[in-house]
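Novice: Can you read through this structure? Questions will come right after.
There are 2 protein chains.
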Amino acid sequence: MTAAPLPESQRRAPSGPEHLLVRDPLHSLFWRLPEGVTLVEPDGVSPGVTFPAGLLAGAAAAGLKPSGKPDVAVLSVGSDWWDTVTSAAVFTSNAFAAAPVIVSQRETSPSKLSAVVANSGSANACTGQAGLAVARAMQAACARGLRLEEKRVGVASTGVIGTLPAADRVQAGIEAAVRDMTADGGGRFLEAIMTTDRFPKACALEVVTHNGVVRVGGCVKGAGMIAPGMATMLCFVTTDAVLTPALARSMLRREVGRTFNKVSVDGQMSTNDCVFFLATGASRVYISPAGAAQLGAAVRALLQRLALMIVADGEGATKVMHLRVRGAARDEEAMCVARAVANSSLVKTAMYGCDPNWGRILSAAGAELAGQSLGRTYLEIGGLRVVENARALPLAAETQRMLREVMARSEVDLLLHLGSGRGREEMYFSDLGHEYVTVNAEYTT
Amino acid sequence: MTAAPLPESQRRAPSGPEHLLVRDPLHSLFWRLPEGVTLVEPDGVSPGVTFPAGLLAGAAAAGLKPSGKPDVAVLSVGSDWWDTVTSAAVFTSNAFAAAPVIVSQRETSPSKLSAVVANSGSANACTGQAGLAVARAMQAACARGLRLEEKRVGVASTGVIGTLPAADRVQAGIEAAVRDMTADGGGRFLEAIMTTDRFPKACALEVVTHNGVVRVGGCVKGAGMIAPGMATMLCFVTTDAVLTPALARSMLRREVGRTFNKVSVDGQMSTNDCVFFLATGASRVYISPAGAAQLGAAVRALLQRLALMIVADGEGATKVMHLRVRGAARDEEAMCVARAVANSSLVKTAMYGCDPNWGRILSAAGAELAGQSLGRTYLEIGGLRVVENARALPLAAETQRMLREVMARSEVDLLLHLGSGRGREEMYFSDLGHEYVTVNAEYTT
């Protein structure tokens, strides 16, 4: 029921590209480091995917981006670890999945991937047989450069749908990216996969497990076309832990479900979404399925930070909302309500305007709950109760002042309790402002 | 496969508030008058709800709108027709339905309504028992003024959720609105229920039926919070035909389903949506259920025009899209796909930017069709095929020029054929531009 005073770090800064989650993550309301986990970010720069031992990354400018910036990237497990590596991946379920998604899903050894090649500047989606040929050519060029079997190379692309990366350029770029690979190439790798991102999104964590210290690294690209199930993005996660394929797979699926599947920028699931997870084994620290809690918590924290960075970037986003839905009849119902609120243009524009227009939250929720009697519903914004027993609470002047202060923050907490059961769910989402319109009205032209 | 040359009337005019559908409806691509039906609009002004015989309407400024503009309105069947009147109504299914919706649904004789009282400036939603008391007081004040039974008066409210119309002001306003009632009050009635609407939305039609000539009139308020099932709005439809209650009810439900339930501005269903239908019987022309086709077609045309006007207004909309989904496995699947595309912020902003970014259309559709193989999908924009067999077609320079011309129009036709079955559905939707953000970021504050 109380709002804390407003620290400088919490103030809304619509013109600044960097959200609290990026600048000062340990002071974000929405992110906590698990016990035994340390954030590694020397001079504020994250080493990203090459932080764990046994990884190399490199990039090159192949001319796919009109800007001439780097647009081809390779991430690889060092050849010393090709025998111990395990991997896992999850992909978009979009029926118009891009060619690289199809190739990565159908034409690789999913648990023995040792490298991933990626490009920006072209999504290679809706490109038919020609697109599949290019995706296969990318896989082959990377495998050739690394002297690795083709089926151990994943492929990812991002950019405009319906365009095809020029095969000769992308192959030359892959050769250059392979030559560029170093054990500290995580930053260059990330730079080459960014498109409309306003800032790099990477994270590196050191984890004390019962068997010893291991490292986790990751990076993601994505700002628009973000929705639960799964956020639209290319994501790469690495560790030097020794994992069984089954554990790598189950850990990735579970933690993606808890993080990326609970964020929304604009309710869109893309044709190109993928998350690759490579475990080199280079730490020689074996993580058993029974002893995987610490590593799992670290992977979750890492994915959560990357997911929240996507929301904070959110193509013009000025703030991030954390919506908790409680008291629904079932968890599934809570998820429907959370998605409806998080994807409501009216809620998102009100948040952009720092407007505590809670009526739009109830209206969006109520549209999903036809025929129910929800007379015990309450709603809190930043811990301030504004609705009780499904009706507006008269607010004292002091409460109204605090509410304005809460709404001006860059992180806003929303609690909607439906008062009808024990179903619960949560969602993180961004606001919708002028920059979203500007960015998205002129993306291809 | 061809795009007609671009007449002046089809050009996009982002700064003008009036869409072709308003200014020159007979030249809209999206609206056709059925045979035997005439549009009545002397000097370009529609007489609206009082066009049919036997209706009176009036309005007053009760001080609910800060602007001091009219905000209370009464529509009534003349007392000569209280015995012959039949009525019907449909309401929002939102679980947080407003007090006037609850009173109109539960505390009226739905087939014998003879009057409706409405206010703008306050939605009277999420207002608990106090809100129900105000809605009942509005009903009672209107009934008293008209010397009618209370249960024959419907109530409707629009405005900000969570606010309560001041009981004394609204009652005084209702008394003044009753005194203001005349047989040509349709325009004043409409003016008093408008909120963020940029232009009045009314329609009047004369219909030659097999039994004689009858009239249909209507008006609607609504621009934001518009979604299928049903568009967020207050809508009033009248006729002087003699109808049985069963026919009035079935006709209204069917035609609302075919019109309002197929438009979307921002995917929101409000707490206050309602459509009231009053048939005075004053024409003495009896419409039998078997002979209702002509009147049904006219009601559909009227509701379609009102629905399209809402989309064209669409809080900053610069254009209206007509999306036809064909070749889906089932009609329900076609509806899911149509809604996903129509509600996609990425599609809507691309349309605003006149950007034929069809990849976003396929991506939004594909997200609803997980696991399906849709290799025969094609997409046409304004009759120009841009996707065939689920992949981008190379477009000749001339086709690209025509595509730019099509995208610059104020009405854009989209045909998405999934090539997998016979399921079909359609949807009309608006684009999403800067004015939407401006209007909705600052609605309550």
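In order, the protein sequence lines correspond to chains A and B. The opening position of the first sequence corresponds to residue -18 in this note's numbering, with each subsequent residue numbered one higher. The opening position of the second sequence corresponds to residue -18 in this note's numbering, with each subsequent residue numbered one higher. Beta carbons are placed, not taken as given, at the ideal position from N, Cα and C, and that holds for glycine.
1. Do we get a CB-CB distance below 8 Å when we pair A:Pro209 with the residues of chain B?
2. Between which two residues does the beta strand (DSSP E) containing A:Asn421 stretch?
3. Can you confirm whether the region 40 to 59 of chain A touches the region 96 to 106 of chain A when touching is taken to mean that 3 or more C-beta pairs between the two stretches lie within less than 8 Å?
4. If you pair each beta-carbon of the region 11 to 22 of chain B with each one of the region 359 to 376 of chain B, do three or more pairs fall below 8 Å?
5. Helix, strand or coil: how does DSSP classify B:Leu376 here?
6. Quick one, which of B:Ser85, B:Ala111 and B:Arg196 has its alpha-carbon nearest B:Leu276's?
7. Which residues does DSSP list as the beta-bridge partners of A:Cys216?
8. Are there 16 or more other CB atoms within 10 angstroms of the CB of B:Ala429, so buried, or fewer, so exposed?
9. Compute the Euclidean distance between the alpha carbons of B:Cys200 and B:Thr240, then round it to the nearest angstrom.
10. Would you list, in chain order, the members of the region 401 to 415 of chain B that have their beta-carbon closer than 7 Å to a beta-carbon of chain C?
11. Going along the chain, which unbroken runs of the beta strand (DSSP E) with 3 or more residues stay wholly within the region 273 to 345 of chain B?
12. Given a cut-off of 8 Å on the beta-carbon distance, is the pair B:Gly102 and B:Gly140 in contact?
13. Looking only at its own chain, which residues have a Cβ that is under 7 Å from the Cβ of B:Phe258, when we skip the five neighbours before and after it?
14. Taking only beta-carbon atoms, is B:Asn421 less than 8 Å away from chain A?
15. Quick one, which of B:Arg265, B:Glu236 and B:Asp294 has its alpha-carbon nearest B:Ala282's?
16. Among the residues of its own chain, which have a CB less than 6 Å from the CB of A:Phe72, if the five just before and after it don't count?
17. Quick check: the region 336 to 344 of chain A against the region 403 to 421 of chain A, are there 3 or more CB pairs under 8 Å?
18. Check distances from the C-beta atoms of the region 372 to 397 of chain A to those of chain B and list, in chain order, the residues that come in under 7 Å.
19. Which value, in whole angstroms, describes the spacing of the CA atoms of A:Gly295 and A:Ala288?
20. According to DSSP, simplified to helix, strand and coil, what is B:Asn192?
21. From the DSSP output, in three-state form, read off B:Glu407 for me.
22. Thinking just about the alpha-carbon of each residue, which of B:Ala351, B:Asp412, B:Met316 and B:Arg265 is nearest to the one in B:Asn192?
23. In terms of DSSP beta bridges, what is B:Arg366 paired with?
24. Below 8 Å, can you find three or more Cβ-Cβ pairs linking the region 164 to 172 of chain A to the region 123 to 138 of chain A?
25. With DSSP collapsed to three states, give me the class of B:Gly135.
26. In terms of residue numbering, what span does the alpha helix (DSSP H) encompassing B:Phe170 cover?
27. What first and last residue would you give for the beta strand (DSSP E) that runs through A:Glu236?
28. For A:Cys280, count neighbouring C-beta atoms within 10 Å of its own C-beta (all shown protein chains included) and say buried if the count is 16 or more, exposed if not.
29. Grouping DSSP H, G and I as helix and E and B as strand, with all else coil, what is A:Glu156?
30. Could you check what DSSP says for B:Thr19 in three-state terms: helix, strand or coil?
31. Does chain A have any CB closer than 8 Å to the CB of B:Thr108?
32. Leaving out five residues before and five after B:Gly154 in sequence, what residues of the same chain have Cβ atoms less than 8 Å from its Cβ?
33. Can you round the beta-carbon distance between A:Ala319 and A:Met408 to whole angstroms, since I take them to be within the 8 Å contact cut?
34. Can you find a C-beta in chain B that's less than 8 Å from the C-beta of A:Leu355?
35. Given this structure, state the Cα-to-Cα distance separating A:Gly112 from A:Thr330, to the nearest angstrom.
36. Examine chain B for any beta-carbon lying closer than 8 Å to the beta-carbon of A:Ile142, and answer yes or no.
Specialist: With the structure as the only source:
1. Here the model assigns A:Pro209 a pLDDT of 38, short of 50, so the residue's position is not dependable and the matter cannot be decided.
2. Note, A:Asn421: premise wrong, no beta strand (DSSP E); alpha helix (DSSP H) at His415 to Ala422.
3. By the Cβ rule, the region 96 to 106 of chain A counts as touching the region 40 to 59 of chain A, because three or more pairs are nearer than 8 Å.
4. Contact fails between the region 11 to 22 of chain B and the region 359 to 376 of chain B, because fewer than three Cβ pairs, one in each stretch, are under 8 Å apart.
5. In this structure, B:Leu376 counts as coil in the three-state DSSP scheme.
6. The shortest C-alpha separation from B:Leu276 is found at B:Arg196.
7. In DSSP, A:Cys216 forms a bridge with A:Val201 and A:Val256.
8. Because chain B is modelled from -18 through 426, residue 429 of chain B falls outside the range shown and cannot be assessed.
9. Each residue's alpha carbon lies about 14 Å from the other.
10. The structure shown contains no chain C; its protein chains are A and B.
11. Complete beta strand (DSSP E) runs here, min 3: 301 to 309.
12. A Cβ-Cβ contact shorter than 8 Å links B:Gly102 with B:Gly140.
13. Counting only Cβ-Cβ distances below 7 Å, and skipping sequence neighbours, we find Ser68, Ala69, Ala70, Val218, Ala229 and Leu233.
14. Interface residue, yes.
15. For the set B:Arg265, B:Glu236 and B:Asp294, the Cα lying nearest the Cα of B:Ala282 is the one of B:Glu236.
16. These residues qualify, in order along the chain: Val82, Gln86 and Cys255.
17. With the rule of 3 Cβ pairs closer than 8 Å, the region 336 to 344 of chain A does not count as touching the region 403 to 421 of chain A.
18. The region 372 to 397 of chain A vs chain B, Cβ under 7 Å: Arg372 and Ala373.
19. Rounded to the nearest angstrom, the two C-alpha atoms are 11 Å apart.
20. Here B:Asn192 carries a coil assignment [DSSP, helix/strand/coil].
21. Residue state, collapsed to three classes: strand.
22. It is B:Arg265 whose Cα lies nearest to the Cα of B:Asn192.
23. BP columns for B:Arg366 point to B:Glu361.
24. Look at the beta carbons and you see the region 164 to 172 of chain A not touching the region 123 to 138 of chain A: under three pairs across the two are nearer than 8 Å.
25. B:Gly135 falls in the strand class under three-state DSSP.
26. The continuous alpha helix (DSSP H) containing B:Phe170 extends over residues Gly167 to Ile174.
27. Per DSSP, A:Glu236 belongs to no beta strand (DSSP E); it is in the alpha helix (DSSP H), Pro226 to Arg239.
28. Residue identity check: residue 280 of chain A is Val in the sequence provided, not Cys. So A:Val280 ends up on the buried side.
29. Reduced to three states, the DSSP call for A:Glu156 is helix.
30. In the displayed model, B:Thr19 falls within a strand according to three-state DSSP.
31. The beta-carbon of B:Thr108 is placed less than 8 Å from the nearest beta-carbon of chain A.
32. Counting only Cβ-Cβ distances below 8 Å, and skipping sequence neighbours, we find Ala41, Ala42, Ala43, Gly44, Leu45, Asp52, Val53 and Asn100.
33. Taking a contact as a CB-CB distance under 8 Å, the pair A:Ala319 and A:Met408 counts as one, their CB atoms being some 4 Å apart.
34. Closer than 8 Å to some Cβ of chain B, the Cβ of A:Leu355 qualifies, so yes.
35. For A:Gly112 and A:Thr330, the distance between alpha carbons rounds to 38 Å.
36. Yes, contact with chain B.
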